[in-house]
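Everything below concerns the one structure shown next.
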Amino acid sequence: MGENYFGLTDPGRQRTNNEDRFIAQPAFGGKLVIACVIDGVGGYAGGEVAAELTRDEIIAQLKKIPENILDKMVGALQDANERIIKEKEVNPQNEKMACVVTLALADINRNTFYFAHVGDTRLYLFRDGSLIKVTKDHSTVGFLEESGRLTEEAAMQHTKRNEVNKALGYE
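Heads up: the sequence shown begins at 23 in the working numbering, then just goes up one per residue.
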């Protein structure tokens, strides 16, 4: 029996436009698995464009096994950032478009995973019946949480919880 991968996005109750994208598929000839969540920054035109450009760039760059997987992942995100910035120059109506992304590559045979992320789309590890937060939010609220000034629960309720200070498309 082969592996199955899937993802699902939903625009939620407040939006009709779904700005989210995902990747859930084998990579490098089936040696690794890509699990990626890309979230267009809401409230501005073009979040879905930024997310789609990022998705396309990641898939294009992760076709061949590189010598250094992390360098390749970071390079894919940097190149996606450049594509978004260029797209903003060509289409001024999308001048504020951006997205946040969490990219993970899992080597199932070696029980190893690699990740890179920008923004506040979190990565959790499920181990021994518990969820362990792996990433740190790139936001003021995330900083307050990491410094111990806010609990995770308080951060999730904070009025500025959705304001990020790092995203693809920000210069």
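Glycine included, C-beta positions come from ideal geometry on N, C-alpha and C. None of the values given here were measured: they were computed from a predicted structure.
- Distance between Glu-89 and Met-95, taken at the CA atoms: about 11 Å.
- Contiguous alpha helix (DSSP H) elements confined to the stretch 104-175 occur at 162-168, taking only those with 4 or more residues.
- When secondary structure is reduced to three states using DSSP, Gln-47 falls in the strand class.
- A direct Cα-Cα distance of roughly 16 Å separates Ala-73 from Arg-144.
- The residue among Asn-26, Gly-62, Asp-32 and Gly-170 with its C-alpha nearest the C-alpha of Asp-142 is Gly-62.
- Closest in alpha carbon position to Ile-130, among Ile-80, Lys-53, Ala-98 and Arg-43, is Lys-53.
- For Asp-61, the uninterrupted beta strand (DSSP E) run begins and ends at 54-62, by DSSP.
- Setting aside the 5 residues that flank it on each side, Asp-159 is surrounded in the same chain by Asp-142, each with a C-beta closer than 6 Å to its C-beta; the list follows chain order.
- If you look at Gly-65, you'll find it isn't in any alpha helix (DSSP H); DSSP assigns it neither H nor E.
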